[in-house]
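What follows is a short report on a single structure.
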Amino acid sequence: MEEAINKTTLAELGACLPVGIQAPEGIVRGFSSRPWKTKDEKEIGKRRKANESPGSLVNLILSYMLSSLGPHEWPEPPVDEKKRAEREFILSRLFMGDVLYMFIWLRRDTIGDELALQCRCQQGHDFRFVGSLGSIEVISCNDPKDLERKYALRDPFKARGKDVEAIRYVPPRWGSILRGLESGAASNLSLARPMTVEACMVGVNDEPGEFRLIGSELDEMSKRDLEGLTREIDENTVGPLMKIEGTCPKCSIGFEHPIDWRYDSFFAVSSR
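The sequence shown stops at residue 299 when you use this note's numbering, and every number in between is there.
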């Protein structure tokens, strides 16, 4: 029997979205990009804004360099702001894992598989490590419906006359993450956790259909449920696991190093 949730690597999955886009013909996962030339680098530089957030830069790069995305054909770069906004809206509707996957895939396809990192192991040894982007683990699914999970509240509360005993959730969409990055909430855990829960929630208890609680209603959730639900959302992620694993050359202890996906670091021969 085919597994609903699968674990693979970026090299094995290739130009295929981990989740995909719903279209009349079903879920479409394929995507492609144009060859990245120096003229494109200059054009992207012109379009960048001062102090632009990392998420906005991801949108800029993907909306400019992709030539197709699922059922959408983008043979040329957006020639005006309207077309760019249309493409960024499509990106915002994707799961965060799909967007970050395309960003990593584009870097690997454009510059190469190796990612140079400056690392420090648990013993405090500093060293340079060259990781393989193709080896990054990727969580994918056969159907977006397989991504829904339920968290049983330890401290039920009332909202709109309902006894809320469980929260149904899915992984975050790119648009919600982008809003957090642009507002600065992503760096403030006291704001980021409630925002994540609100963005990922699709229902309560076992009631069919979508039912979302707004921020003021979710304010009644206990601290331990907020922490527990956020942890579950993190553990049930989809897309690439944003880290490189290896062994310290000085003490042979294994380590994990997060991937810095900011454009100026990531889209360079040496990423730090």
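All C-beta atoms, glycine included, are put in the ideal place defined by N, C-alpha and C.
Predicted model, so just to flag it, every value in this text is computed and none were measured.
Give the secondary structure of residue i by DSSP, where H, G and I count as helix, E and B as strand, and everything else as coil.
i      : result
Ala38  : helix
Glu113 : helix
Lys189 : strand
Val55  : strand
Ile260 : helix
Met28  : Residue placement at Met28 is flagged as unreliable, the pLDDT there being 35, under the threshold of 50; the coordinate-derived value follows with that caveat. Three-state result, Met28: coil.
Pro198 : coil
Leu167 : The question names Leu, but residue 167 in the sequence shown is Ser. Three-state DSSP puts Ser167 in a strand.
Pro285 : strand
Arg206 : helix
Val106 : coil
Ser217 : helix
Gly230 : strand
Ser95  : strand
Lys277 : coil
Arg176 : strand
Asp246 : coil
Note the first and the last residue of the continuous alpha helix (DSSP H) segment covering residue i.
i      : result
Pro81  : 81 to 92
Phe293 : 290 to 293
Val126 : 123 to 137
Asp153 : From DSSP, Asp153 is part of no alpha helix (DSSP H) but of the beta strand (DSSP E) over 153 to 159.
Gly72  : 65 to 74
Glu272 : Counting along the chain, Glu272 falls outside any alpha helix (DSSP H), though it belongs to the beta strand (DSSP E) covering 270 to 274.
What residue does the beta strand (DSSP E) around residue i start on, and which one ends it?
i      : result
Leu144 : 141 to 147
Gly47  : 43 to 50
If you measure between the beta carbons of residue i and residue j, is that distance less than 9 Å?
i      : j      : result
Ile166 : Gly124 : yes
Cys200 : Leu121 : Inspection of the sequence shows that residue 200 is occupied by Arg rather than by Cys. Yes.
Glu262 : Ile271 : no
Asp153 : Gln145 : yes
Gly242 : Glu259 : no
Met222 : Arg239 : no
Ile131 : Trp288 : yes
Ala42  : Pro98  : no
Ser280 : Gln149 : According to the sequence as given, residue 280 is Ile; it is not Ser. Yes, these two residues count as a Cβ contact at 9 Å.
Ile286 : Phe294 : no
Heavy atom of the ligand GTP less than 8 Å from the Cβ of residue i, yes or no?
i      : result
Leu174 : With respect to the ligand GTP, the structure offers nothing, as it holds no ligand at all.
List the whole-angstrom C-beta distance separating residue i from residue j, where the pair is believed to meet the contact cut-off of C-beta under 8 Å.
i      : j      : result
Val18  : Pro198 : Given that the chain is displayed from residue 28 to residue 299, the structure contains no residue 18 and the question cannot be resolved.
Leu118 : Ser80  : Incorrect: roughly 14 Å between the Cβ atoms, too far for contact.
Val46  : Pro171 : 6 Å
Report yes or no: do three or more beta-carbon pairs, one from the segment 157 to 166 and one from the segment 228 to 235, lie closer than 8 Å? At 8 Å Cβ cutoff, the stretches do not touch.
Determine contact between the segment 185 to 192 and the segment 63 to 79, defined as no fewer than three beta-carbon pairs at a distance below 8 Å. Segments in contact, no.
Are there three or more Cβ pairs, one per stretch, closer than 8 Å when the segment 79 to 95 is compared with the segment 54 to 68? Result yes; three or more Cβ-Cβ pairs closer than 8 Å.
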